[in-house]
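Sequential numbering of the first sequence, starting at 28, is according to the working numbering. The C-beta atom is built at its ideal place from N, Cα and C for all residues, glycine as well. Okay, structure first, notes after.
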Amino acid sequence: MAMRDQLAEAVHQATVAVAAREGLDLEIRADQVHLERPANREHGDWSTNIAMVSAKKAGTNPRALATLLVAELEAHSPDHVTSVEIAGPGFINFSLDGGWLHDALAELLTTGEENYARPDVGHGEKVMVEFISANPTGPIHVGNGWWGSYGDALARVLARAGYQVTREYYVNDTGGQIRTLGLSLLARRAGEPVPEGGYQGEYLASLAPLYDGPEDVTAAGRWAAEHILEGIKATLESVGIVFDEWYSQASIEESGAVDETIALLAEKGLVFEQDGATWFRATELGDVRDRVLRKSNGDATYLAGDLAYHRNKFLIRGFDRVIDVFGADHHGQVASLMAGVEALGVAPGQLEVKLGQMVSLVDGDEAVKMGKRAGTAIDLDTLVADIGPDATRILSLMSTLDQATTFDLASVREQSSENPVYYVQMASARIGGMARKAGEKSVKRRELSEVDLSLLTHDRELELLRCLEELPEVVADAAIDRLPTKITTWVRRLAGLFHGFYHDCPILADEVDPDLAQARLWLVEATRIGLAIGLGLLGVSAPEAM
RNA sequence: GCCCCUGUAGCUCAGCGGAUAGAGCGUCGCCCUCCGGAGGCGAAAGCGCAGGUUCGAGUCCUGCCAGGGGCACCA
28 MAMRDQLAEA
38 VHQATVAVAA
48 REGLDLEIRA
58 DQVHLERPAN
68 REHGDWSTNI
78 AMVSAKKAGT
88 NPRALATLLV
98 AELEAHSPDH
108 VTSVEIAGPG
118 FINFSLDGGW
128 LHDALAELLT
138 TGEENYARPD
148 VGHGEKVMVE
158 FISANPTGPI
168 HVGNGWWGSY
178 GDALARVLAR
188 AGYQVTREYY
198 VNDTGGQIRT
208 LGLSLLARRA
218 GEPVPEGGYQ
228 GEYLASLAPL
238 YDGPEDVTAA
248 GRWAAEHILE
258 GIKATLESVG
268 IVFDEWYSQA
278 SIEESGAVDE
288 TIALLAEKGL
298 VFEQDGATWF
308 RATELGDVRD
318 RVLRKSNGDA
328 TYLAGDLAYH
338 RNKFLIRGFD
348 RVIDVFGADH
358 HGQVASLMAG
368 VEALGVAPGQ
378 LEVKLGQMVS
388 LVDGDEAVKM
398 GKRAGTAIDL
408 DTLVADIGPD
418 ATRILSLMST
428 LDQATTFDLA
438 SVREQSSENP
448 VYYVQMASAR
458 IGGMARKAGE
468 KSVKRRELSE
478 VDLSLLTHDR
488 ELELLRCLEE
498 LPEVVADAAI
508 DRLPTKITTW
518 VRRLAGLFHG
528 FYHDCPILAD
538 EVDPDLAQAR
548 LWLVEATRIG
558 LAIGLGLLGV
568 SAPEAM
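Okay, here's the thing in C-alpha cells:
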C-alpha cells in the first residue's frame, strides 16, 4: 500500500478511537484525510491538517485535538514512521525513515514502466476528447498545434488514469465554406483571381492544377478539403498527434441526424420559425439570444450540425463524458452548444468545454501576428520545421490552456541549447550514456532482490526518490484537473533532480562501493522509467543519446 | 455594453486552500585531472489594487484597474 494510504488509514483509525473515547464528533472517511508532503523538510515527510479542519465541528481547538490524535498515532503508527509531532496552528507532522522511499523504489521497479503510475480515477468511464477540428480549408496554425498538444496529452493522461478514451477530430466538410473553397480552387485552376472572401492561400495555388474534376463548386471544395485534410493529418502525425476518429460533418447532415435533432428540440417546444429561418429558443436554457438552426436558404447552421453531432456522441455512441477543446475564438458558440445539449437530455457536466487562449509568437524583437483573420498565421509545419517536434510539444505543454502565451522563436531556435526540452532530454541522454558506459566496463545490474536499496541515503538520492514516488498522484491530479501541464512540471523537476544526483553521486567511477553502485543503477533505472512515462504522456521522445 | 480568460522575478511561465512562493532565460559570482558542463552550486529580484470568506488566501468570493479573446441566417 502506498505510504499516503497507510498514513490516511492510520489517521482515520486515530480519529475513530479518539472520537469514541472522548465523545467527540469526528466523522471523517479515510479517503477524506488530507495528507501532503510539506515543502519544508523540517516539517517532516508527511503532514495532515485534520486537527485544524475538524476542531470546530468537534467542539475543541486544533492543538488540543491534535494532541489527542498524536497520542493515538504514536501508539499505532505505520511502518517507517519515526515521529509524530504537532506544529504551527495544528498540523500533525510525520517523520519517516528512508525505508519508505526504498520500498517505493522497489514498488516502482517491480511494477515497471507499463503499469507504474496508473491510478484508476476514471473507472473505465467512456470519454471522448474532441480537439483541433480545424476547418479543412487551409493548413493548421501554431494555435491549433498548441491546443492540439493539450488535447492529445490530456487524452494520454486520461487513458493512463483509467478512462476509456477516444480522440476525435470533427471535420467541417460541408456548407458554405466548402463551396467557397471550391470556388477558390476553380478560380486558381482557371488562372483567375481568387474571388473576394475566398481563400487566398498559396496552398490552393499548388493544389489547383491537380484537380481534374467537374466545374462544380461543391465537388471541387470537397476534393480540396480532402487533400488539405491529408496535409493536416501528416502535420499532426509529425508531432505525435493521432486521432481515433475523423468524424465528417457531411456524414451527419446526410444521415438525416440534423433534421432528427431539430425535430427533437421542436418536440420540447424549443423551436420556432421566423424570417424564413428555423430558430432554437436557446434563451430558455440560459443563452443570451436565440439561435438559427436552419437558415432561410435551407442550409443547416454550424450549430444545428454541432448539436446533431453531440447528440451522436452522447446518445448514439454512448460516451459518458465529452471534453471539447476549442480555441478561445470559439467562445461565442459555447453557450448555445451547452444549451442545446442540455435540451437534448444530456446532464450538465457531462460536456466539458476547454478553451485554449491565444498563442502569440515573437521572433527576437519582431512580433509575429497570429490568426487566420490577419492572414499571417504561422503554419504549424513551419514551426515544427524550425524548432522540431519535441520542442513544439514541450513548449506547448509548459503553460496552461487558460494562459495566453507568448514565446520567442529566436530563443528556442538560435539558442537551442537553452531550450527546456534539452534540459529534460539531457537527463534521458545521460541515462543512455551511462548504460553505454556500463556496457564498456562490463558492469551489470544484479537482480533487484540481491541489491540493498537502503544504501541510498544521499540527499540527492532521497530527493530523486521522493519525486519518483509522487508520479502516480501527479498523473491522477493531472487527469482530474484536466491539466497535463502538471506532467510537464513534474518531468522538469525530475530531470533537475536527476542532474543533481548525477553530479554528486558517481556510479561507474573506480572508487565507488560496488553495492552502492548497484543500488544507484536501480535508481537510474527508476528515473529512466519515470522519464519514459512522463515524456510519453507529453508526446515527447526520451532519447538515449543527443 | 454583455460574456470568457489572464495579471506572480527584468522576460517567458509553474504553483493541490497550508507553515520560508518555484523553474528556465537574462544579470552577478563560483565548480571541468569528475559516468556527457546541453550540467552543478550560490546571489540579487516578485503575487495589479481594495475589501470579504477562512484557524490559514498567489489560490475561493465581490468590486476596481489593466491586457487578450468573443458577442452572425461564418464556421
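Bridge partners of residue i, per DSSP?
i	result
GLY383	GLY354
PHE158	VAL352
GLN33	None, per the DSSP bridge assignment.
ASN120	SER74 and GLU112
GLU141	None, per the DSSP bridge assignment.
ASP406	HIS168
LEU378	VAL349
ALA327	ARG321
VAL192	VAL154
TYR197	TYR274
Residue i: buried (16+ other C-beta within 10 angstroms of its C-beta) or exposed?
i	result
LYS340	buried
ALA401	In this prediction, ALA401 has a pLDDT of 41, which is less than 50 and means its spatial position is unreliable; nothing more can be read from the coordinates.
PRO511	buried
THR333	It is worth fixing the name first, because residue 333 is Asp in this sequence and not Thr. ASP333 comes out buried.
ALA431	exposed
PRO116	exposed
SER27	Here the chain comprises residues numbered 28 to 573, so residue 27 is not present and cannot be evaluated.
HIS168	buried
MET30	buried
GLN59	exposed
ILE343	exposed
ASP243	exposed
ASP271	exposed
LYS84	exposed
GLN442	Confidence is the limiting factor: at GLN442 the pLDDT is only 49, short of 50, which leaves the residue's position unreliable and the question unanswerable from this model.
GLN301	exposed
ALA572	exposed
THR591	Given that the chain is displayed from residue 28 to residue 573, the structure contains no residue 591 and the question cannot be resolved.
ASP406	buried
GLU264	exposed
ALA522	buried
SER74	buried
HIS358	exposed
MET365	buried
Pick out whichever of the options has its Cα sitting closest to the Cα of residue i.
i	options	result
ARG194	ALA366, VAL45, MET155 and ALA335	MET155
SER110	SER176, ALA182 and LEU34	LEU34
TYR529	TRP517, GLU552, THR516 and ASP508	GLU552
ALA114	ASP130, ALA78, GLY86 and HIS129	ALA78
THR515	ASP531, LEU237, ASP417 and ALA304	ASP417
LEU483	ARG520, GLY523, LEU550 and LEU524	LEU550
LEU234	ALA252, THR245 and GLY224	ALA252
TRP174	PRO146, THR419 and TRP273	THR419
THR288	PRO241, PHE307 and PRO65	PHE307
VAL368	ASP326, ALA247, GLY313 and ALA327	GLY313
SER275	ASN76, VAL298, LEU292 and ARG249	ARG249
VAL386	VAL373, GLY345 and LEU428	LEU428
LEU436	GLY391, ASN171, ILE405 and VAL411	GLY391
ALA186	ALA366, SER476, PRO146 and LEU128	PRO146
ALA362	TYR143, ARG321, GLU311 and GLU219	GLU311
LEU181	VAL269, ALA46 and GLU112	VAL269
HIS129	GLU490, GLU500, THR94 and ALA214	GLU490
ARG519	LEU498, GLY209, LEU371 and ASP531	LEU498
THR554	LEU136, ARG90 and SER81	LEU136
Can you find a heavy atom of the ligand GDP that lies under 7 Å from the Cβ of residue i?
i	result
TRP127	For the structure depicted, the ligand GDP is absent and the ligand set is empty, with no information on it obtainable.
*Does the segment 95 to 114 touch the segment 451 to 467, meaning 3 or more C-beta pairs lie closer than 8 Å?*
no
*asked:* Does the contact criterion of 3 or more C-beta pairs under 8 Å hold for the segment 338 to 352 versus the segment 365 to 384?
replied: yes
*Between the segment 222 to 230 and the segment 155 to 166, do at least 3 Cβ pairs fall closer than 8 Å?*
yes
*Which ranges would you report for the alpha helix (DSSP H) in the segment 41 to 110 if only whole runs of at least 4 residues count?*
77 to 85 and 89 to 102
*Kindly provide the ranges of any alpha helix (DSSP H) runs that are 4 or more residues long and lie completely inside the segment 230 to 313, ordered along the chain.*
244 to 265, 276 to 281 and 284 to 294
_Under 8 Å, with one C-beta from each stretch per pair, do the segment 278 to 285 and the segment 321 to 336 reach the 3-pair mark?_
yes
_Three or more C-beta pairs under 8 Å: does that hold for the segment 535 to 551 against the segment 465 to 477?_
yes
_Which runs of the alpha helix (DSSP H) at least 4 residues long sit entirely within the segment 484 to 512? Give them in chain order._
486 to 507
*Between the segment 135 to 143 and the segment 318 to 328, do at least 3 Cβ pairs fall closer than 8 Å?*
no
*Enumerate, from N- to C-terminal direction, the unbroken alpha helix (DSSP H) stretches of 4 or more residues contained entirely within the segment 438 to 485.*
447 to 467
*What runs of the alpha helix (DSSP H), each 4 residues or longer, lie entirely inside the segment 529 to 559?*
none
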